[in-house]
Every structure is written in C-alpha cells, then in structure tokens.
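Peer 1:
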Amino acid sequence: MISVTINGSQKQIDADPDMPLLWAIRDHLDLTGTKYGCGIAQCGACTVHVDGQPVRSCQTRLGDVADARITTIEGVNGKVAEAVRAAWRRLDVVQCGYCQSGQMMSAIGLLSGNSKPTDADIDAAMDGNICRCGTYQRIRAAIHDAARSLA
Amino acid sequence: MLKLNPLKQTTASRRAFLTGSAAAAGALVIGTTLLFPRVKANAATAGGVDSGPPQPNAFVKIAPDNTVTVMIKHLDMGQGNTTGLATIVADELDADWAQMRAAFAPADAKLYNNLLMGPVQGTGGSTAIANSWTQLRKAGAAAREMLVAAAASEWKVPASEIRVQKGVVSHPVSGRSATFGQLAASAAKLPVPQEPRLKDPKDWVYIGKRVPRIDSATKTDGSAVYSLDIRRPNGLTAVVAHAPQFGAVVKSFDASAAKQVPGVTDVVQIPTGVAVVAKDTWSAMRGRDALRVTWDDSLAEKRSTETLMAEYKTIAPKPGHVAASRGDAAGALSTAAKVLEGEFELPYLAHAAMEPMNSTVAQNPDGTVDVWSGSQFPTIDQAVVASIMGVTADKVRINTVWAGGSFGRRVTPQADYLAEAATILKAIGGRAPVHLVWTREDDMRAGYYRPMVYHRVRAGLDARGNVTGWQSSIVTKSVLLGTPFEAAVLNGVDTSSVEGASDTAYAIPNFHAEVHNAKEGTPVLWWRSVGHSHTAQVMEVFIDELAHAAGQDPLQYRLALLKDAPRHAAVLRLAAEKAGWGQALPKGRGRGVAVHRSFGSHVAMVADVTVASGALKVDRIVAAVDCGIPVNPDVIAAQIEGSVGFALSSVLRNRITLQDGVVQEANFDAYEPTRMSEMPKVEVHIVPSAEAPSGIGEPGVPTVGPAIANAVFAATGKRLRSLPLDLAALRGV
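Residue numbers (the working numbering), protein chains in the order written: chain B, 6 to 156; chain G, 8 to 740.
#1: Ignore the nearest five residues each way along the sequence and tell me which others in Ala-716(G)'s own chain have a CB closer than 6 angstroms to its CB.
#2: Rounded C-beta distance between Pro-700(G) and Gly-649(G)? I'm assuming under 8 angstroms.
#3: Ser-366(G) bridges to which residues according to DSSP?
#4: Which two residues bound the contiguous beta strand (DSSP E) that contains Asp-303(G)?
#5: I'd like the list of long-range same chain contacts for Pro-200(G), defined as Cβ closer than 6 angstroms, with 5 residues on each side in sequence excluded.
#6: Can you say whether Arg-447(G) is buried or exposed, counting buried as having 16 or more other CB atoms within 10 angstroms of its CB?
#7: Excluding five sequence neighbours on each side, which residues of the same chain lie with their C-beta closer than 8 angstroms to the C-beta of Ile-113(B)?
#8: Determine whether the Cβ of Lys-226(G) lies closer than 8 angstroms to any Cβ atom of chain B.
#9: Assign Phe-43(G) to buried or exposed, taking buried as 16 or more other Cβ atoms, counted over all protein chains shown, within 10 Å of its Cβ.
#10: Gln-563(G) to Gly-476(G), Cα distance in whole Å?
#11: Where are the beta strand (DSSP E) runs, 3 residues long or more, that stay fully inside the segment 379-445 of chain G, in chain order?
#12: How far does the beta strand (DSSP E) with Gly-114(B) in it extend, from its first residue to its last?
#13: Would Glu-552(G) and Gly-349(G) be called neighbours here (beta carbons separated by less than 8 angstroms)?
#14: Taking a Cβ distance cut-off of 8 angstroms, strictly less, list which residues of the segment 89-103 of chain B are near chain G, in chain order.
#15: Does Asn-88(G) come out as helix, strand or coil in the three-state DSSP assignment?
#16: Using a Cβ cut-off of 9 angstroms, pull out every chain G residue sitting near Thr-77(B), in sequence order please.
#17: Give the C-beta separation of Ile-395(G) and Lys-433(G) to the nearest angstrom, bearing in mind that I take them to be a contact with Cβ-Cβ under 8 angstroms.
#18: Roughly how many whole angstroms lie between the Cα atoms of Arg-471(G) and Pro-561(G)?
#19: Does the distance between the C-beta of Pro-219(G) and the nearest non-hydrogen atom of the ligand NAD fall short of 7 angstroms?
#20: Mind reading off the beta-carbon distance from His-81(G) to Thr-130(G)? Whole number of angstroms is fine, and I expect it under 8 angstroms.
#21: For the segment 19-43 of chain B, enumerate the residues whose C-beta is nearer than 9 angstroms to any C-beta of chain G, in chain order.
#22: Shorter than 8 angstroms from the beta carbon of Gly-114(B) to some beta carbon of chain A?
#23: Between Val-106(B) and chain G, is there a C-beta pair that is closer than 8 angstroms?
#24: Rounded to a whole number of angstroms, what is the C-alpha to C-alpha distance between Arg-438(G) and Pro-203(G)?
#25: Please go through the same chain and pick out, in chain order, the residues whose beta-carbon is closer than 8 angstroms to the beta-carbon of Ile-643(G), but skip the five residues on each side of it.
#26: Give the C-beta separation of Asp-469(G) and Ala-344(G) to the nearest angstrom, bearing in mind that I take them to be a contact with Cβ-Cβ under 8 angstroms.
#27: Whose Cβ in chain B lies nearer than 7 angstroms to the Cβ of Ala-360(G)?
#28: According to the Cβ coordinates, are Asp-287(G) and Trp-28(B) closer than 8 angstroms?
#29: So which residues of chain B does Ser-4(G) contact, with C-beta pairs closer than 7 angstroms?
#30: Going along chain G in order, which residues have a C-beta closer than 8 angstroms to the C-beta of Ala-50(B)?
#31: Less than 8 angstroms between CB atoms is the rule here; does Thr-140(B) satisfy it with respect to chain G?
#32: Check the C-beta distance from Val-77(G) over to Leu-92(G) and give it rounded, since I have them as a contact under 8 angstroms.
#33: Of all Cβ atoms in chain B, is any one closer than 8 angstroms to the Cβ of Ser-366(G)?
#34: List, in chain order, every chain G residue whose beta-carbon is nearer than 7 angstroms to that of Gly-6(B).
#35: Can at least three beta-carbon pairs, one atom from the segment 115-132 of chain G and one from the segment 221-238 of chain G, be found at a separation below 8 angstroms?
#36: What is the residue span of the beta strand (DSSP E) that Lys-16(B) lies within?
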C-alpha cells in the first residue's frame with residue numbers, strides 16, 4: 006500500500022511503487038481527467054501538479070510522490086486555476102478536448118509563477134504540450150486573457 | 008490463477024482476417040448503399056438535404072427540468088458538431104441557449120442515418136451539419152409548434168396569439184406564460200405537425216452568431232468522458248502485441264514470463280497478435296513487455312517506403328484508369344509554346360489523434376453486448392462486434408462517448424480496434440468487460456495511414472502564358488478497394504484518390520487525369536480531407552509554377568482561370584485583400600496563396616513566411632471561407648485555425664516510413680505534431696452566404712501546404728513541391 010495526498014485527501018493505493026503516477030491516478034483512483042497521450046513525456050497530456058509544480062505523470066514513479074501533494078485537473082483550484090478555466094471557456098479553446106487538462110495544468114503552472122507572461126514565455130512553458138487539433142492560438146489568447154483577469 | 012486461452016493457430020493473414028470479418032458483418036448491412044461519391048454530389052445542394060417528415064421525438068427531448076437535449080447522431084471528435092446541431096434546433100425552437108444539452112444518439116441506422124450516405128449512421132466527409140440542416144430545422148420547428156399547441160389548449164386561447172422567446176411560451180393578452188419543461192408532457196401527446204413553418208433567416212437568433220460551445224465546461228474540469236476513461240465493474244484491461252510488419256502473423260509465443268507479472272490474468276492469441284489481459288493498464292503493459300512472440304512474416308509486406316516510391320515512379324508513365332478527360336491534353340502539350348513538368352511525392356501519414364485508439368466491450372448476462380467507443384460509424388461498429396460475438400446487431404448497444412480526435416482514423420470498414428476488443432472478450436469467455444488500450448506506439452505502428460502518393464504533372468502554356476493542356480498521373484493505394492465499400496470504385500477510379508485534381512475548377516481546356524492503384528500490404532485510410540490532402544498540394548503549387556512561368560501574378564493568374572467559379576474567386580479575393588496581397592515584403596519574407604474546394608466548401612489561404620538562416624517560420628495565415636450559411640461562425644473559425652495547426656506538422660516534417668516493412672516512427676518524438684511556438688497567427692474571414700451549410704471539419708486542411716510552399720518560393724526562389732517540405736534545401740538561403 007502506498008499512501009498519497011491527492012486533491013487534498015489521503016488515498017491508499019495497492020500498486021507497485023514503479024507504476025507511473027499517471028496509471029495510478031487513472032486506474033486506481035479513477036480520476037480520468039488526467040490523460041495518457043504518449044507515455045514518454047513528449048505530449049504533456051498527463052500533466053499534474055506535484056507540490057504545485059507541473060510534472061509529467063507518465064514519467065513520475067508512484068513511489069516517489071508518497072510524501073508529495075498531488076493535484077489533478079479535477080482538484081485544481083484557487084484564483085489562478087479559476088481564471089484559467091474561465092478564460093478557456095470564454096474563448097472556447099477546446100476542440101476534442103483530450104489534451105486540455107494537461108494544457109490547463111501547464112498554463113496554471115505558468116501563471117502561478119509569472120503573472121504577465123509574454124508570447125515567448127508562453128512558447129517556453131507550453132511547447133511541451135501537444136494539441137493535435139491545433140488549438141494553440143486560442144490557448145495563447147486564453148493565457149493572456151487569464152493574466153489580464155488576474156491583474 | 009493465471010489462465011491461458013490460446014485460440015487455434017490461424018494461417019490467415021491479419022488483413023484476410025480483418026477483411027473477412029468485415030465482409031461477414033459489414034457487407035450485409037452496408038452493401039453498395041454507402042457511396043462516398045454521393046456525399047460530394049449532394050453536400051452542396053442549395054436547399055439542404057431532403058429529410059422527409061419532421062422527427063421531433065427522435066431528436067428533441069424536453070425534460071420536466073426544462074432542459075432541451077438534442078440527440079446527436081454524429082460523433083463529435085472536436086469539430087464542434089454537438090454545438091452546431093444543437094444550435095439549429097435551439098433556433099427553430101426559440102429555446103434559451105442555456106437550457107440546451109446534447110447527447111450522443113444510440114446506434115440506429117433507420118432513425119439516425121446520415122442522409123448523405125444511405126441507411127448508415129456515420130460521420131465523415133464533413134457532412135454532419137450539411138445532412139442534418141433541414142432535418143433538425145424541421146424537428147425544432149415541429150417541437151415548437153407542439154409546445155404552442157399544448158399551451159393554446161391548456162390556456163384555451165388561439166395558438167396564433169402565443170409567442171415563444173428564449174425558452175418561454177407566453178400569451179401576452181392574458182399574461183400567462185410557461186416554460187418548455189412545464190408544457191413538455193402535454194405537448195408530447197399531440198400529433199407531430201407534418202409541415203411546420205421554418206423560420207425566415209432574418210429571424211434567426213443563434214444561427215450565424217456566436218454561441219458558447221456546448222462541450223467547453225466538461226472539457227475543462229476533467230469530467231468529459233472519453234472511451235479511454237470507461238471503467239466497468241470487474242473490468243480488465245488488455246494490450247496487444249502486434250506484428251512488426253503488416254500481414255505477419257503469430258508463429259509461436261511464450262507467455263510464461265508474462266504470466267508471472269502481478270496483475271496479469273490472461274494471455275490469449277488473437278488473429279492480430281497476442282493479447283495480455285490484466286487488472287490494470289500498467290500491469291498489462293508490463294505483461295506484454297515480458298511476452299516472447301515469434302512472427303511468421305511469410306505473407307507480410309516487407310518493402311520499404313523508398314522501394315515503394317521507386318515503384319510508383321515506374322508505374323506513373325504507364326496507362327492508368329482515366330479519372331477525368333476533356334479535350335486533347337496530349338495534343339495540346341505537343342503544340343504548346345512551353346511545357347512544364349513536376350513530380351510530387353506525398354508520404355504515408357498517421358492520424359495520431361491525441362487519444363490512442365481504444366474501446367471497451369462487455370457481454371451482459373442476457374447475452375447482449377455493450378460497446379463504449381468514440382464511435383464514428385456506429386452501424387459498422389455494431390455489425391462487426393455482433394458478428395464476432397455471435398449475436399444479431401440489435402443485441403449490440405453502442406455507447407458513443409467523446410472522442411479525443413479522429414481525423415479519419417475511427418472509420419475503418421473493419422472497425423479494427425473494436426473487433427480486437429470483442430475478439431479478446433470472446434477469448435476470455437466473456438467473463439469480464441474488456442478495456443482495450445493501444446499505446447501510442449500501437450496507434451502509430453499498427454496501421455492505417457493516409458496513402459502514399461506519387462503525382463506527376465505536365466502542363467503546356469501558349470505564347471501568352473495561358474494554360475492549354477494538363478496531364479496528371481497519380482499513383483496511390485485506393486482506400487476503398489478490398490473493403491466492403493469497393494462497389495463505390497467505378498472503372499478502377501476511387502474518387503478519394505483523385506478528388507481535388509480530377510474535378511479541378513480551373514478552366515483548363517484540355518485536361519486528362521489518370522490513377523494507378525498501387526498494390527501493397529500497407530493499410531490505408533481516409534485522413535482529414537482525404538484525397539484533397541494531397542491533390543491540393545499538387546494543383547495549387549503547380550498552378551503557381553505556371554503563373555510564374557507565364558510571368559503573371561499568381562493571384563490574377565488563378566482568378567483568370569476561375570471566371571466560371573465565383574465562389575472560388577470570392578474567397579480568393581477576400582483572403583488576398585485581407586492579407587494585403589501585392590504589398591512589398593522585406594527580404595527573406597514571402598507570401599503565397601492557394602484556393603481549393605472540398606466537401607462543398609471553398610477555402611483560400613494566404614501564407615506569410617520568413618526564411619532566415621535556412622530556417623522556415625510560418626508567420627501568418629489569412630483564410631477566407633465559404634461554407635454556406637455559417638451556423639456557428641466561431642466554430643468555423645476554430646476549425647480553420649485548428650486545420651492550420653494540424654496540417655502544418657505534415658508540411659514541416661511528418662511522414663511514416665517503412666524499413667523492410669517495419670514502421671520506423673513510433674511516438675511523438677519521431678512523428679512530432681506542430682507545437683505552440685510554431686503556430687502561426689491565423690485570421691479567418693467568413694463569406695456571407697445564403698446557401699445551405701457545407702463542410703468545415705476538413706476543408707481547412709488542403710490549402711495549408713500549397714500556400715506555405717508558394718510563400719517559400721516567393722521568399723527564396725526555391726520551389727519545394729513535395730511534402731513534408733524539403734527544409735534542407737533552404738540551408739544557405
């Protein structure tokens with residue numbers, strides 16, 4: 006049994022400590038908002054926050070986060086998260102939507118440390134998140150929009 | 008206890024199995040009625056598609072809680088049709104947008120068929136809005152009249168005095184009002200009006216305006232359910248070891264180590280490989296890693312893409328199947344003042360939807376079967392699963408859920424990954440729901456690609472630069488031949504191989520196009536915009552070459568050839584005007600244009616690029632679109648923006664290559680989609696139109712490549728024809 010703190014509550018997971026956090030979240034905690042896209046940290050669909058920092062859960066061992074605070078799209082909250090979610094909805098960013106949990110978790114991470122990101126900042130923070138539907142223009146606009154609403 | 012249930016060794020190849028299962032299942036249902044050419048013929052009909060009597064009960068559900076749910080007969084894989092279809096109903100119904108909901112309809116080929124495809128429920132050819140337009144207007148209008156009639160009867164007032172606005176039915180004279188929810192029960196008992204009055208376009212409230220997407224909320228809080236998210240009580244997860252080459256089959260396998268992996272419950276041989284079944288995804292993957300499989304490659308496709316392309320080139324000059332012919336192209340070329348020749352190579356492309364293919368199939372105690380899938384062709388999916396499970400199609404319930412992209416991948420005539428899940432379920436005796444997961448590597452390597460293409464063009468100009476003759480020779484594998492749809496291939500011509508070239512709108516007096524159907528074991532499929540994804544590259548780059556050879560402006564040259572194609576000309580002019588066509592650009596920058604019609608819609612794009620220190624950056628794309636009445640302008644803009652992002656990766660770098668039959672690209676490191684920093688600024692301008700709506704999911708793709716290639720030429724003088732663009736050729740520029 007591995008004990009983790011996820012979205013503010015303590016959970017026991019009966020799994021190998023080598024299991025990627027992604028599959029523990031999805032298969033053992035049934036929190037399916039965090040997505041599998043590539044399994045090799047190329048696409049960012051699996052992005053969650055560990056102690057507030059965006060990480061790729063497909064490359065994070067379950068055994069390594071037993072003492073950490075894990076947040077997924079279902080549980081992320083606070084001013085920045087709400088601003089990002091509202092901007093995503095205001096601009097209708099989503100298409101298929103599959104990558105958007107990861108996009109938003111990366112965007113929340115960016116805005117949490119940088120309240121007024123430039124386009125170059127957005128490129129740097131978001132280049133690891135692939136959107137095959139090509140919604141990048143709206144993701145960029147939504148990040149700027151969220152930053153404005155937080156100012 | 009671990010259990011091993013190997014199926015009998017099969018000698019049938021993977022392809023034979025898949026085709027066989029589809030032929031057994033799909034052909035009965037589909038026969039020759041699914042004719043893709045019909046899609047194109049009808050999609051642009053001005054008055055919309057005849058949908059028969061109104062069917063409000065099939066499409067509009069009004070609940071006591073005052074929600075209005077539109078039954079969505081199509082799959083929404085991102086293109087926004089749930090919003091669009093709900094918009095059409097909401098407008099005729101005079102509902103409040105906030106009360107609108109959408110639900111995917113069950114599989115029912117009679118009630119929910121695609122009116123452009125015959126008695127088949129399916130999404131494809133950018134037809135969702137086009138085929139539903141009149142059907143849903145009638146359904147919404149009929150439901151509205153029923154609500155009015157119910158209110159009139161209840162209030163004992165003339166129906167003509169009743170008003171409906173934003174979800175409220177009212178009688179201003181008496182001051183009475185009611186919500187839809189309050190009237191729904193009594194309205195449901197009334198006869199369905201057979202000829203409801205449709206709104207005058209000037210009275211539209213939502214159509215043509217921005218409404219918020221219906222799926223934005225659940226796709227931004229993690230609650231939207233995709234098929235990879237389906238969790239069933241006692242469900243098991245399966246992954247499959249697929250053959251490394253197409254057509255290879257299992258010779259033998261050793262499951263002893265796999266069975267030692269904690270969580271693994273079953274290892275079973277199936278026609279497509281060996282399935283490892285486990286309690287969770289990670290255990291199934293680890294089980295597969297431990298599996299040892301020996302493959303029989305005697306029937307496999309073992310050629311490399313390089314070899315195949317070399318073969319295509321030797322085939323191209325030979326006589327092929329005639330796709331289009333008018334005048335005397337050969338004669339015109341022999342007397343031309345100038346003859347230009349161009350060779351275009353277009354690679355295999357993977358769809359690479361963000362959600363790798365997967366599905367869940369379960370058998371219930373009463374023998375019925377449940378399927379959870381982002382089902383794009385429920386009629387095919389249902390028939391294929393039914394035949395594998397040994398039940399009739401009506402015993403298979405298709406539960407359609409959100410799809411994490413498709414781009415054509417979810418429409419295989421063989422319903423391949425659903426067939427695989429059902430086969431595994433059967434192999435474990437149906438004892439637990441099977442959740443089949445393809446890893447990214449499976450998704451990219453286990454097949455179905457946009458066909459590879461070699462397209463050779465010759466064109467002749469007269470002394471004044473007018474194009475007098477054109478010859479196209481296309482070599483590619485047909486998507487339809489060898490499938491239950493092959494009846495749509497007439498005289499050897501699969502229109503999905505030649506569309507966009509054979510039906511060019513350019514007024515070329517002598518025109519001849521031939522196609523050669525390549526024979527190879529690589530499985531091919533429609534890929535967002537299908538034939539247009541490669542023909543537009545050829546047509547629009549080569550027309551540009553002719554314009555330059557004639558010493559004329561590429562925009563004016565096109566317009567002169569499009570005198571009888573006013574919708575093409577209108578989008579061209581609009582895009583050019585908005586992009587500032589003709590303005591001088593600094594050194595290293597270039598501007599290129601392309602126009603193309605597909606799926607009834609017309610799109611022109613002007614690309615601005617910068618080539619500096621040998622590196623290409625696409626700065627901006629200005630698009631003009633005519634897709635008939637723009638039901639949701641913001642969704643249309645989103646589709647064009649997204650099409651640019653989607654297509655750009657295949658313009659810049661994507662290709663699937665085979666080495667001795669083995670797919671070399673396995674994941675996003677080797678087949679890398681466009682990323683944020685590469686995304687150009689996209690401007691979308693929509694041409695006002697009173698024509699019935701046509702497609703928008705695909706028509707944004709074809710012009711991206713040629714507009715960029717033509718801009719690169721303008722910037723550098725380097726003519727890059729093939730895709731992906733040969734960026735190495737820009738080094739030193």
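C-beta atoms are modelled at their ideal positions from N, C-alpha and C, and glycine is treated no differently.
Here the structure is a predicted model, which is why all the values come from computation and not from measurement.
Peer 2: Based on what the coordinates show:
#1: Result list for Ala-716(G): Val-548 and Leu-727, in chain order.
#2: So it is not a contact: roughly 18 angstroms between Cβ atoms.
#3: Residue pairing by DSSP places Ser-366(G) opposite Leu-443(G) in a beta bridge.
#4: Start and end: 299-303.
#5: Closer than 6 angstroms at Cβ, skipping near neighbours: Ala-149 and Glu-152.
#6: That one is buried.
#7: Cβ neighbours of Ile-113(B) beyond the five flanking positions: His-54, Pro-59, Val-81, Val-85, Ala-86 and Val-89.
#8: Judged by the 8 angstroms Cβ criterion, Lys-226(G) is in contact with chain B.
#9: At Phe-43(G), the pLDDT of 43 sits below 50, so the modelled position is not reliable; the number obtained from the coordinates is stated separately. That one is buried.
#10: Going by the C-alpha atoms only, they are around 19 angstroms apart.
#11: Runs found: 403-407 and 441-444.
#12: For Gly-114(B), there is no enclosing beta strand (DSSP E); the enclosing alpha helix (DSSP H) covers residues 105-118.
#13: Between Glu-552(G) and Gly-349(G), the C-beta spacing is below 8 angstroms.
#14: Residues passing the 8 angstroms Cβ filter: Arg-90, Trp-93, Arg-94, Asp-97, Val-98, Val-99, Gln-100, Cys-101, Gly-102 and Tyr-103.
#15: Collapsing the DSSP output to three states places Asn-88(G) in a helix.
#16: What Thr-77(B) touches in chain G, judged by beta-carbon distance under 9 angstroms, is Gly-229, going in chain order.
#17: Cβ-Cβ separation between Ile-395(G) and Lys-433(G): approximately 6 angstroms, consistent with a contact (criterion under 8 angstroms).
#18: In a straight line, the C-alpha of Arg-471(G) is about 15 angstroms away from that of Pro-561(G).
#19: Inclusion of the ligand NAD in the displayed structure is not the case, the ligand content being empty and no account of it being possible.
#20: Their Cβ separation, rounded to whole angstroms, is 4 angstroms, which keeps His-81(G) and Thr-130(G) in contact under 8 angstroms.
#21: Residues of the segment 19-43 of chain B that bring their beta carbon within less than 9 angstroms of a beta carbon in chain G comprise Ala-20, Asp-21, Asp-23, Met-24, Pro-25, Leu-27, Trp-28, Ala-29, Arg-31, Asp-32, His-33, Asp-35, Leu-36, Thr-37, Gly-38, Thr-39, Lys-40, Tyr-41, Gly-42 and Cys-43, in sequence order.
#22: In the structure shown, chain A cannot be found, because the protein chains are B and G.
#23: Here the sequence assigns Ser to residue 106(B), which means Val is not the residue at that position. It does: the Cβ of Ser-106(B) has a partner Cβ on chain G nearer than 8 angstroms.
#24: Rounded to the nearest angstrom, the two C-alpha atoms are 50 angstroms apart.
#25: If the five residues before and after Ile-643(G) are omitted, its C-beta is found closer than 8 angstroms to the C-beta atoms of Val-632, Cys-634, Pro-637, Val-691, Ile-693 and Ile-703, all from its own chain and listed in chain order.
#26: 5 angstroms between Cβ atoms; contact.
#27: Those are Arg-137, listed as they occur along chain B.
#28: Cβ distance < 8 angstroms, so Asp-287(G) and Trp-28(B) count as in contact.
#29: Residue coverage of chain G in this structure runs from 8 to 740, which leaves residue 4(G) outside it and unanswerable.
#30: Here the neighbours are Met-361.
#31: Chain G has a Cβ within less than 8 angstroms of the Cβ of Thr-140(B).
#32: Right, the Cβ-Cβ distance comes to about 6 angstroms (below 8 angstroms), so this counts as a contact.
#33: Ser-366(G) is outside the set of residues whose beta carbon lies under 8 angstroms from a beta carbon in chain B.
#34: Here residue 6(B) turns out to be Met, not Gly, going by the sequence shown. The premise fails here: Met-6(B) is roughly 14 angstroms from chain G at the closest Cβ pair, so nothing lies under 7 angstroms.
#35: No: the two stretches stay apart, fewer than three of their Cβ pairs being nearer than 8 angstroms.
#36: Note, Lys-16(B): beta strand (DSSP E), 14-18.
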